[in-house]
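Q:
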Amino acid sequence: MGFLNKQKLNERQISILKNANLPTEWKDLNSAGRIGITAIEEMLQYLDKKYGKTFCYNGYVPENKVFLDNGCLYAYAEGDDPDIDTFTVERDGKGFKDGYQWVLKAPGVQQEMEERLEPLLQGQAHKMFTELLGVDADGNVKAFSVNIYIENTDKAYIEKTMDSIIDEIYEDARVYDVNFYCFDKPVTRDMNAKNIRDCYKYEDIVLRYASCTADRKNETCRWVCL
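My numbering applies: residue 1 is where the sequence shown begins, and numbers increase by one.
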């Protein structure tokens, strides 16, 4: 009992507990608090060691044995944006598995699609965002979506552009779908990955086009107008 009450918490653990309005002394924590803060630090140290950088806490779901849920940690790398760069860490047998590869791969996919597709948009006011849908344990991107928000409602232009984009990505099995959101008013100037849905209302969408993997193989129409 004496040993349990003398265990010391490090600065990171104390900060996490303080921000959660929990006791910052080990002896004052209940059993659930002790188990939780120990598991959190164990997972953070796993990340620190694996990637050679410091990671930060952004939430924790405790283990639930009734529902066979191992629980998970939400974390982000120091210097990253917790709003868009948070990922999970979970127990995996005697070790852990994490989703940090999703964060690492996202900027590269975004840049690649911008370089390949933006010339096809012919200078129209727009914003383009990619969304990863699958990344394997080795960090290989298996699937992603491309979402384009454009200030143009000319059906002929949009449909011609959709065809050009489909030609460009036709053989790229990673592109699960391409979505066009068309507006007749300025909505994209201040749009970024964090505030997309704050920049417009659903009724502001004048036209919406989509093309998924199955659509691209359709010889008669490779996209749909929703």
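Yeah, the Cβ is synthetic: ideal placement off N, Cα and C, and Gly gets one too.
Considering only the alpha carbon of each residue, which of 178, 116 and 63 lies closest to residue 215?
A: Position 215 of the sequence shown, counting from 1, holds the residue named residue 215. Closest option to residue 215, Cα to Cα, is 178.
Q: Apart from the five residues on each side of it in sequence, which residues of its chain come closer than 7 Å, Cβ to Cβ, to residue 15?
A: Within the sequence shown, numbered from 1, the residue matching residue 15 stands at position 15. Counting only Cβ-Cβ distances below 7 Å, and skipping sequence neighbours, we find nothing.
Q: Leaving aside the five residues before and after residue 142 along the sequence, list all residues of the same chain whose C-beta is less than 8 Å from its C-beta, in chain order.
A: Start at 1 with the first residue of the sequence shown, and residue 142 comes out as number 142. Excluding positions up to five away in sequence, the list reads 133, 134, 135, 136 and 174.
Q: Take residue 90 as the anchor and find which of 82, 104, 75 and 80 has the nearest alpha-carbon.
A: Numbered from its first residue, the sequence shown carries residue 90 at position 90. Of the listed residues, the one whose Cα sits closest to residue 90 is 75.
Q: Buried or exposed for residue 161, going by 16 or more other Cβ atoms inside 10 Å?
A: The count along the sequence shown starts at 1 and reaches residue 161 at position 161. Buried, since its Cβ has 16 or more Cβ neighbours within 10 Å.
Q: Kindly indicate which residue of 36, 205, 11 and 139 has the alpha-carbon position closest to the one of residue 64.
A: Reading the sequence shown from its first residue, position 64 is the one you call residue 64. Closest option to residue 64, Cα to Cα, is 36.
Q: Roughly how many angstroms separate the alpha carbons of residue 169 and residue 205, rounded to a whole number?
A: Residue mapping note: residue 169 aligns to position 169 of the sequence shown, counting from 1. Residue mapping note: residue 205 aligns to position 205 of the sequence shown, counting from 1. Straight-line Cα distance between these residues: approximately 25 Å.
Q: Can you tell me the Cβ-Cβ gap for residue 222 and residue 150, rounded? I've got them flagged as a contact below 8 Å.
A: As a position in the sequence shown, residue 222 is number 222, starting the count at 1. As a position in the sequence shown, residue 150 is number 150, starting the count at 1. Rounded, the Cβ-Cβ distance is 18 Å, inconsistent with contact.
Q: Pick from 131, 103 and 100: whose alpha carbon is nearest that of residue 114?
A: If you number the sequence shown from 1, residue 114 lands on position 114. Checking every option, the nearest Cα to that of residue 114 belongs to 131.
Q: Find the nearest neighbour of residue 112 within the set 129, 100 and 102, judged by alpha-carbon distance.
A: Against the sequence shown, residue 112 aligns to sequence position 112. When each option's Cα is compared against that of residue 112, the closest is 129.
Q: Find the nearest neighbour of residue 201 within the set 211, 188 and 50, judged by alpha-carbon distance.
A: Here residue 201 corresponds to residue number 201 of the sequence shown, with the count starting at 1. Nearest C-alpha to residue 201: 188.
Q: Using the Cα positions of residue 118 and residue 191, report the straight-line distance between them to the nearest angstrom.
A: The residue you call residue 118 lines up with position 118 of the sequence shown. The residue you call residue 191 lines up with position 191 of the sequence shown. Straight-line Cα distance between these residues: approximately 16 Å.
Q: In the DSSP assignment, what are the bridge partners of residue 133?
A: Walking along the sequence shown from the start, residue 133 turns up at place 133. Its beta-bridge partners do not exist; DSSP assigns none.
Q: Specify the secondary structure class of residue 77 as computed by DSSP and reduced to three states.
A: Numbered from 1 along the sequence shown, position 77 holds the residue referred to as residue 77. Residue 77 falls in the strand class under three-state DSSP.
Q: Along the chain, where does the beta strand (DSSP E) that runs through residue 88 open and close?
A: Here residue 88 refers to the residue found at position 88 when the sequence shown is read from its first residue. Run containing residue 88: 87–92, per the beta strand (DSSP E) assignment.
Q: Please work out which residues of its chain come closer than 7 Å, Cβ to Cβ, to residue 105, disregarding the five sequence neighbours upstream and downstream, and give them in chain order.
A: Numbered from its first residue, the sequence shown carries residue 105 at position 105. The residues are 132, 135, 139 and 141.
Q: Buried or exposed: where does residue 172 fall if 16 or more other Cβ atoms within 10 Å of its Cβ makes it buried?
A: As a working note, residue 172 is residue 172 in the sequence shown. The residue in question, residue 172, is exposed, as its Cβ has fewer than 16 Cβ neighbours within 10 Å.
Q: Can you list, in chain order, the residues of its chain whose CB lies under 8 Å from that of residue 51, leaving out five sequence neighbours each side?
A: As a position in the sequence shown, residue 51 is number 51, starting the count at 1. Around residue 51: 77 and 100.
Q: Between residue 61 and chain C, is there a C-beta pair that is closer than 8 Å?
A: In the displayed structure, chain C is absent; only one protein chain is listed.
Q: If distances are taken between C-alpha atoms only, which option among 59, 72, 70 and 92 comes closest to residue 83?
A: Counted from its first residue, the sequence shown places residue 83 at position 83. Among 59, 72, 70 and 92, the Cα nearest to that of residue 83 belongs to 59.
Q: Look at the alpha carbon of residue 148 and the alpha carbon of residue 25, and state the distance between them as a whole number of angstroms.
A: Within the sequence shown, residue 148 is the residue found at index 148, counting from 1. Within the sequence shown, residue 25 is the residue found at index 25, counting from 1. Spanning the two alpha carbons is a distance of roughly 50 Å.
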